[in-house]
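Below: the structure, in structure tokens.
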Amino acid sequence: MLPCKHGICNTCLVVIGERDPNVDSRLIVVPSCSLHHPPREFEPPLEFLKLPYHIGRRILSLDGGGVRGIVELSILTAIEKELGGDIPVRCFFDLIGGTSTGGLLAIGLGIGNWTLGESKDRLTDLMSRIFTSKSEWQPVQMWKEIWMGGTYSPRAFEEAVNAAFGDLSKQRMIGSRARGSPAAATKVFVTATIGNNKQGIVITNYAQQLEKDQANKDFTIREAALATCAAPIYFPPLLRHSTEYWDGGISFNNPSMAAASEGEHIWPSTKQTVPDLLLSIGNGWSTVKMASPRKPTNPIASKITALQKCLYQQMESEEVWDKSFGNMQNLHPRQYVRLNPKVSDGLPQIDDLQALKNGSLENIASRYLQEENTRRRITDVCRVLVATSFYFDITQRPYRNESGQFIIRGEIFCRFSNGSSTCKGLGQIIRRLHNPRIELTTPGRGAGILKTL
């Protein structure tokens, strides 16, 4: 997708693009779009890093949870710190998807180019703005929930989203990407739910298959953010073209299944292979069940209450992971990873500003990150991320030699473009490794090749 919103296929990209083999033969530069008259110049020129289709993919899935999103931010920060801090953790992922707060974080990291520190500041400010004090007078509170569709002010909600994303909020979601990044850059989606039939959808910054295209057509980043966070009772839905869009958590608060499915749609050649990494990060789970939504006091509120009940059910995100990927995690524990702290007592409500401000959410993450098993798993995740930053590309047709052995010749490449800051940062990470070792393996069927340290 070009900045002018014209789509371009890989064949045309090779024809119209310019290459500089002295820098990186995989890097294709597109200075303008000739479909305009006169041609529209891009400043700076658009860069595409053309990687082989068969390589494995790294996918990051971020749960919803309102103020609890501070927990997954803390876990991401620990991963980035373990990597050494030379490369933003977002640069290691081909696809980032999220729900609700996780969706805002996905947009901020993958499109807004936010650092993790900036993400915490922006999201904390956003949540402090939208979860304002509720009226103590019950009739007023009930009126707001029935007629406005939410407890909190929709105007404050929109203003907070605009403040968090700035000029970015006006951009169309599709085609948007982090400024200055090559277009092999991270693909991003957020989840939402169409209220009429509780149908879960994804809103993406990349072109989807034709039959899905109408679901997310022409969303701005502001609209995508409002849709993925429109939790029933708390906020009204986003209304577009007579369709209500509610919080993605109603359909999949843990979007890992949607993330895996999107990965197969984007890179069809990986369908029969195990991903290099599917990392799912949660915001805490507890055996103490959330309180059930109160029964509606009048029929107008029954629809919203039913949606809220679905949201509460989906917030049992650990069960979703176990059912969807439990078996795969047992077979491939380094490729399917779920990081989510267990909390012995109940979790804070998704609008609990006190928990946001008093450090209790950071404490949940801190205790989890200090556990020996968590430290080991984060170390394994980082090793996989570093190792899978390389791939093997066949340069000669395989053949059998006189001894009957198959000979496969090729080269090992880095996923990052030559001379880039990320490539140099990767070099710094490798220099700090003790006795680095690379193994080439092929999990699953197909041509995908996984590199592990």
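Just so it is clear: in the sequence shown, position 396 is 396 by my numbering, and no numbers are missing. Cβ atoms here follow ideal geometry from the backbone N, Cα and C, with glycine treated the same way. The model shown is predicted, which means the values in this text are computed figures rather than measured ones.
Rounded Cβ spacing between T99 and T11 (contact assumed at less than 8 Å): Not a contact, Cβ separation roughly 35 Å.
Beta carbon of N205 nearer than 7 Å to that of D63: The answer is no: Cβ separation not under 7 Å.
CA nearest to the CA of D351, picked from G17, D20, I70, L27: For the residues G17, D20, I70, L27, the minimum Cα distance to D351 belongs to I70.
Nearest-angstrom Cβ-Cβ length linking F131 and A225, presumed shorter than 8 Å: That belief does not hold up - the Cβ atoms of F131 and A225 are roughly 15 Å apart, past 8 Å.
The segment 79-93 touching the segment 419-430, judged by at least three CB pairs closer than 8 Å: The segment 79-93 is in contact with the segment 419-430.
Euclidean distance between Cα positions of S256 and G110: Approximately 17 Å between the Cα atoms of the pair.
Outcome for S169 when other beta-carbon atoms lying within 10 angstroms are tallied against a minimum of 16: Around the Cβ of S169, a 10 Å sphere holds 16 or more other Cβ atoms; the residue is buried.
Which listed residue (A192, S251, Q272) has its alpha carbon closest to that of Y245: Minimum Cα distance to Y245 is reached at A192.
Coarse secondary structure for F92, derived from DSSP in three states: Three-state result, F92: helix.
Close Cβ partners of D24 (< 6 Å) along its chain, the five nearest in sequence each way excluded: The answer, listed in chain order, is S417, N418.
Boundaries of the beta strand (DSSP E) in which G410 is found, first to last residue: Looking at the DSSP string, the run of the beta strand (DSSP E) that includes G410 is 410-414.
Contact the segment 71-80 vs the segment 22-41: 3+ CB pairs below 8 Å: Three or more Cβ pairs closer than 8 Å define a contact, and the segment 71-80 falls short of that threshold against the segment 22-41.
Exposure of D345, with buried meaning 16 or more beta-carbon neighbours within 10 Å: Exposed, since its Cβ has fewer than 16 Cβ neighbours within 10 Å.
Local conformation of W321 per DSSP, three classes: Helix.
Nearest neighbour of R431, chosen from P268, H241, T115, V386 [CA to CA]: Considering only alpha carbons, the answer is V386.
Presumed contact (8 Å Cβ cut-off) between A258 and G97, rounded CB distance: That pair is a contact at about 6 Å.
Assigned secondary structure, V30 (DSSP; H/G/I helix, E/B strand, else coil): Correct three-state label for V30: strand.
Exposure label - G326; buried when at least 16 CB within 10 Å: Exposed, by the Cβ-count rule.
Cα-Cα separation, D380 to T243: Each residue's alpha carbon lies about 44 Å from the other.
Range covered by the alpha helix (DSSP H) that runs through I104: At residue 104 the sequence reads Leu, which differs from the Ile that was named. According to the DSSP assignment, L104 belongs to the alpha helix (DSSP H) that extends over 101-110.
Cutoff 6 Å; reference P44; Cβ partners in own chain excluding five residues on either side: Around P44: no qualifying Cβ.
Span separating the alpha-carbon of A160 from that of I59: Pairing A160 with I59, the inter-Cα distance amounts to about 28 Å.
Pair within 7 Å by beta-carbon distance, L415 and S389: It is worth fixing the name first, because residue 415 is Arg in this sequence and not Leu. In contact: R415 and S389 (Cβ atoms closer than 7 Å).
Reduced DSSP secondary structure (H/G/I, E/B, other) of S357: This sequence places Lys at residue 357; Ser is not what is there. Assigned with DSSP and collapsed to three states, K357 falls in helix.
Inter-residue spacing [alpha-carbon to alpha-carbon] between T151 and Q349: Looking at the two C-alpha atoms, the distance is approximately 14 Å.
Reference V188; option with closest CA among K50, I266, P398, H332: Looking at K50, I266, P398, H332, the one whose alpha-carbon comes closest to that of V188 is I266.
Under 7 Å between C-beta atoms of R57 and G263: Their beta carbons are under 7 Å apart, which means R57 touches G263 by this criterion.
Cβ-based neighbour list, I394, same chain, cut-off 8 Å, excluding 5 preceding and 5 following: Taken in chain order, the residues that qualify are I408, R409, G410.
Top-ranked residue by Cα proximity to Y336, from G102, S324, I221: Among G102, S324, I221, the Cα nearest to that of Y336 is on S324.
Check whether G175 and M1 have beta carbons under 7 Å apart: In this structure, G175 lies near M1, with their beta-carbon atoms less than 7 Å apart.
Local conformation of F157 per DSSP, three classes: Helix at F157.
Where the beta strand (DSSP E) containing L279 begins and where it ends: Counted as a single uninterrupted DSSP element, the beta strand (DSSP E) harbouring L279 occupies residues 277-281.
T204, enclosing beta strand (DSSP E) - first and last residue: First-last of the beta strand (DSSP E) with T204: 199-204.
Cβ neighbours of V15 in the same chain (closer than 7 Å, five flanking residues each side left out): Its chain contains no residue whose beta carbon lies nearer than 7 Å to that of V15 once the 5 sequence neighbours on both sides are disregarded.
Whole-Å CB distance - V67 paired with L361, under 8 Å assumed: Indeed, because the Cβ distance is near 7 Å, the residues count as touching under 8 Å.
Contacting residues, own chain, Cβ-Cβ under 8 Å from R172 (five flanking each side not counted): The answer, listed in chain order, is K5, D218, F219, T220, I221.
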